[in-house]
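Remarks on the structure that follows.
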Amino acid sequence: MAEITISNKDWERIKIKVQRKYNHLTDEQLQYTEGQEESLITRLMDLVNRDRKYVVFTLTKALVNIDTNRL
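Adding 227 to a residue's 1-based position in the sequence shown gives its number in the working numbering.
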């Protein structure tokens with residue numbers, strides 16, 4: 228079970244931040260459906276070549292600071 232919950236609305240804003248940080252990622256690679264956090268985390272781990280802890284931390288940080296441009 229994923230450690231975080233992301234709504235589709237929040238994901239649209241988080242996706243922009245992730246694409247700014249990892250500009251090689253495409254919209255297709257970052258497709259997300261609400262409730263599929265586990266799949267998203269696993270996919271991001273492979274795409275950015277980082278461990279689970281880092282990916283979850285990055286997504287959590289983006290959620291906490293949803294109204295800023297910071298990731």
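All C-beta atoms in this analysis are idealised placements derived from N, C-alpha and C, irrespective of residue type, glycine included. Just so you know, these numbers come straight off a predicted model, no measurement behind them.
Residues near residue i by beta carbon distance below 8 Å, same chain, minus five either side
| i | result |
| --- | --- |
| GLN256 | ARG270, LEU274 |
| ILE299 | Residue numbering for the chain in the displayed model covers 228 to 298; residue 299 lies beyond these limits and cannot be assessed. |
| ASP237 | LEU290, ILE293 |
CA nearest to the CA of residue i, picked from the options
| i | options | result |
| --- | --- | --- |
| PHE284 | THR260, ILE241, ASN235 | ILE241 |
| ARG277 | TYR249, SER234, LYS244 | TYR249 |
| THR295 | ILE243, MET272, LYS280 | ILE243 |
Range of the contiguous alpha helix (DSSP H) that encloses residue i
| i | result |
| --- | --- |
| GLU300 | What the structure shows of the chain is the stretch from 228 to 298, and residue 300 is not part of that stretch, so it cannot be assessed. |
| ARG279 | 279–291 |
Quiz item: Can you list, in chain order, the stretches of the alpha helix (DSSP H) that have 4 or more residues and sit fully within the stretch 228–269?
Solution: 235–248, all fully within the stretch 228–269.
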